[in-house]
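Structure, as structure tokens:
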Amino acid sequence: QRIRAERRAQWEAAQVAKRGGQLPLGEGWKSKYAEPEALDTSKLLELPTGWTWASMRQLGEVRLGRQRAPQHHSGSHMRPYLRVANVYEDRFDLRDVMEMNFTPEEYETYALRENDILLNEGQSLELVGRPALYRNEVPGACFTNTLVRFRVYQNVIPIYALSVFRSYLHNGEFQKIASWTTSIAHLGADRFAGLHFPLPPLLEQAEIVAEVERRLTVLDALSQTLTDELKRAERLRQSILHQAFTGRLVPQDATDEPAAALLARLRETAIQPKTRKTKETPAAPAKEKKPRGRKPADATQIDFSFTGE
Numbered sequence: 043q044r045i046r047a048e049r050r051a052q053w054e055a056a057q058v059a060k061r062g063g064q065l066p067l068g069e070g071w072k073s074k075y076a077e078p079e080a081l082d083t084s085k086l087l088e089l090p091t092g093w094t095w096a097s098m099r100q101l102g103e104v105r106l107g108r109q110r111a112p113q114h115h116s117g118s119h120m121r122p123y124l125r126v127a128n129v130y131e132d133r134f135d136l137r138d139v140m141e142m143n144f145t146p147e148e149y150e151t152y153a154l155r156e157n158d159i160l161l162n163e164g165q166s167l168e169l170v171g172r173p174a175l176y177r178n179e180v181p182g183a184c185f186t187n188t189l190v191r192f193r194v195y196q197n198v199i200p201i202y203a204l205s206v207f208r209s210y211l212h213n214g215e216f217q218k219i220a221s222w223t224t225s226i227a228h229l230g231a232d233r234f235a236g237l238h239f240p241l242p243p244l245l246e247q248a249e250i251v252a253e254v255e256r257r258l259t260v261l262d263a264l265s266q267t268l269t270d271e272l273k274r275a276e277r278l279r280q281s282i283l284h285q286a287f288t289g290r291l292v293p294q295d296a297t298d299e300p301a302a303a304l305l306a307r308l309r310e311t312a313i314q315p316k317t318r319k320t321k322e323t324p325a326a327p328a329k330e331k332k333p334r335g336r337k338p339a340d341a342t343q344i345d346f347s348f349t350g351e
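So this is what it looks like as structure tokens:
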């Protein structure tokens, strides 16, 4: 109930802001407010006592940025804007921030405020939804439709929401709701607005944020140590190779043949003419000649004697 009341109050405040701070006449304008659809929690995990599942549209304002177009490339209201190329996981790359024209009315819609969360709308499948918390790094900046902006209501700590989104980035929740082609995936503002979100009480949110920050600080320190050790290992590898080929890796033996003498001997060997050795072939044994003609019959088989009576 508290979440719904907060959302309605935010909507009414936005309507008043659109009219320059003046309340619309009558109460009929309030009937235009649309309650968000209830979240189906039948397939979600059971949460601890005091927690609840809520959708993103229940917890904050979800908005897709403005599309770039040639007519916006110049004008009297040029503003810096952020796009997907500027937004990394919890950090911004501000080396290439561009500008385009936003009218005062458009600026009210697309301006970034401190603690807004920007998520990659169009990215590779493994990076879709990559989030970063805007800390006013580019004052007066807006954003394009390659990003989704999530602006939390008062019952959500922005850094807690960022932690949830970073978890969704790495555990595949954003990938589950994304649509994709062979080359790019789209988070989709409407699909993101209907995504489930685990909401604990504010005090627990603060405790979770503190513990997450503590552990991430430890991981960052370990990562830096690993990076330093890898650099040290590379320097050591280069040093070993340098020593190996400058004669300083192993002790020198004065009785060893000098390298210059070895080279001279090898050079002399290389220029000497090579003689081919002929391999002696052993003579084949002479074959016994056999007499030509009919083979004589065996004397024991034919009797040539004649006897008289």
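With my numbering applied, the sequence shown covers 43 to 351.
Think of the CB as a built atom: it goes at the ideal place given N, C-alpha and C, for glycine as much as any other residue.
Quick caveat, the model's predicted, so the values are computed rather than measured.
| Asked | Found |
| --- | --- |
| Contacts around residue 152, its chain only, beta-carbon distance under 7 Å, and the 5 residues preceding and following it disregarded | 107, 108, 144, 184 and 185 |
| Three CB pairs or more closer than 8 Å across the region 249-256 and the region 186-202 | yes |
| Stretch pair the region 160-175 + the region 224-243: three plus CB contacts closer than 8 Å | yes |
| Exposure of residue 348, with buried meaning 16 or more beta-carbon neighbours within 10 Å | With a pLDDT of only 44 at residue 348, under 50, the local geometry of the prediction cannot be trusted, and the value read off the model is given with reservation. Residue 348 should be labelled exposed. |
| Inter-residue Cα distance where the pair is residue 280 and residue 174 | 39 Å |
| CB of residue 278 within 8 Å of CB of residue 285, strictly | no |
| Proximity winner among 217, 79, 140 and 91, relative to residue 99 (alpha-carbon distances) | 79 |
| Anticipated Cβ contact below 8 Å, residue 191 with residue 142, distance rounded | Actually they are not in contact, since the Cβ atoms of residue 191 and residue 142 sit about 17 Å apart, beyond 8 Å. |
| Nearest-angstrom Cα separation, counted from residue 54 out to residue 74 | 10 Å |
| Reference residue 130, options 101, 102 and 176, closest by Cα | 176 |
| For residue 197, the nearest candidate out of 234, 212, 248 and 238 (CA to CA) | 248 |
| Under 8 Å between C-beta atoms of residue 282 and residue 207 | no |
| Selection from 150, 239 and 157 that minimises the alpha carbon distance to residue 83 | 239 |
| Sequence-distant residues of its chain with Cβ nearer than 7 Å to residue 307 (five each side left out) | none |
| Per-residue burial, residue 117 [other beta carbons within 10 Å of its own, 16 or more giving buried] | exposed |
| Which of helix, strand or coil DSSP assigns to residue 148 | helix |
| Assigned secondary structure, residue 225 (DSSP; H/G/I helix, E/B strand, else coil) | coil |
| Cα-Cα separation between residue 220 and residue 288, rounded to whole angstroms | 58 Å |
| Three-way DSSP call (helix, strand, coil) for residue 102 in this model | strand |
| Which residues DSSP lists as bridging residue 141, in chain order | 122 |
| Own chain residues within Cβ distance below 6 Å of residue 233, not counting five before or after | 219 |
| Length of the line joining the Cα atoms of residue 96 and residue 205 | 16 Å |
| Top-ranked residue by Cα proximity to residue 195, from 246, 103 and 250 | 103 |
| Cβ pair residue 211, residue 172 closer than 8 Å | yes |
| Through-space distance from residue 262 to residue 276, alpha-carbon basis | 21 Å |
| Close Cβ partners of residue 341 (< 8 Å) along its chain, the five nearest in sequence each way excluded | Residue confidence is low: residue 341 scores 46 on pLDDT, short of 50, so the model does not pin down where it sits. No coordinate-derived value is stated. |
| DSSP three-state assignment for residue 175, whether helix, strand or coil | strand |
| Beta-carbon proximity list for residue 140, same chain, < 8 Å, skipping 5 on both sides | 122, 123 and 125 |
| Chain C contact for residue 83 (CB, 8 Å cutoff) | The displayed structure is made up of one protein chain only, and chain C is not part of it. |
| Minimum C-alpha distance to residue 215 - residue among 245, 265, 168 and 187 | 168 |
| DSSP state of residue 70 mapped onto helix, strand, coil | helix |
| Where residue 115 sits in the DSSP three-state scheme | coil |
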